[in-house]
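In the working numbering, the protein residues as written are 6 to 216.
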């Protein structure tokens, strides 16, 4: 009887394993391990109203004046180790930006397995929390915070700048969506928004974004 129970328990665990949420260890990101970036905690409100604590990778140094800043939203593959969008963050740093890369908990795991609870709507709202965290830093010019998203993170960026769920002024001055999966229904952005997609991209539809 005990043997049967153990076998059944193992079978259930194996069945559920592909959908299990695996936390991404962002301490393994190259820019964190070499000391050029730090990990910070920040709070954000999910789409269902819950407040959650998230982690982000803070990169860039302040100049003599307060620096502009950028919230970065990864795609559904999450933060692929060990690069973790570091090349893009370094480019922003060369332009004088401080970046905060959101490490979402609702993305794919590192082996490519899809998390069943992925939500671009959550990621859009996490962007607001990340912007608030940047605005609270002494070295950041809170009037010059932008939003950058890639792939499904681009869709989240579009959601963040078109949604009517947030009343008042958005915390961003402008947004960029790279290789974005555009929403089925077009909504006007509330701030200047640039979409960048290759014409031969087979993963996302240029036509849907133009529409």
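No residue lacks a Cβ here, since even glycine has one placed at the ideal position from N, Cα and C. Quantities reported herein were computed from a predicted structural model and do not represent experimental measurements.
- For the set 203, 143 and 181, the Cα lying nearest the Cα of residue 69 is the one of 143.
- The continuous stretches of alpha helix (DSSP H) do not include residue 81, and DSSP gives it neither H nor E.
- Listed as beta-bridge partners of residue 102 by DSSP are no residues whatsoever.
- Between the segment 193-202 and the segment 135-149, the count of Cβ pairs shorter than 8 Å is below three; the stretches do not touch.
- A check of alpha carbon separations from residue 60 across 178, 48 and 181 identifies 48 as the nearest.
- Burial check for residue 55: the Cβ neighbour count within 10 Å stays below 16, so the residue is exposed.
- Leaving aside the five residues that flank residue 134 on each side, the residues in its chain whose CB is nearer than 6 Å to its CB run, in chain order, 47, 48 and 49.
- Beta-bridge pairing by DSSP links residue 60 to 46 and 108.
- Cβ neighbours of residue 140 within its own chain (closer than 6 Å, five residues either side excluded): 147.
- Contact between residue 150 and residue 92 is ruled out by a C-beta separation of about 21 Å, above the 8 Å threshold.
- According to the DSSP assignment, residue 135 belongs to the alpha helix (DSSP H) that extends over 125-140.
- Residue 153 and residue 177 have their alpha carbons spaced roughly 10 Å apart.
- Residue 44 and residue 131 have their C-alpha atoms spaced approximately 16 Å apart.
- Residue burial annotation: residue 189 is exposed, with fewer than 16 other C-beta atoms found within 10 angstroms of its C-beta.
- Annotation: residue 175 is outside any alpha helix (DSSP H) and is labelled neither H nor E by DSSP.
- As the crow flies, the alpha-carbon of residue 71 is around 10 Å from that of residue 103.
- By alpha-carbon distance to residue 36, the top candidate from 216, 209 and 84 is 84.
- In the DSSP assignment, residue 148 falls within the unbroken beta strand (DSSP E) covering 145-155.
- The shortest CA-to-CA distance from residue 80 to any of 205, 182 and 203 is the one to 182.
- Per the coordinates, the alpha-carbon of residue 107 lies some 7 Å from the alpha-carbon of residue 62.
- Residues of the same chain with a CB within less than 6 Å of the CB of residue 76, apart from the 5 flanking positions on each side, are 105, 132, 135, 136 and 152 in chain order.
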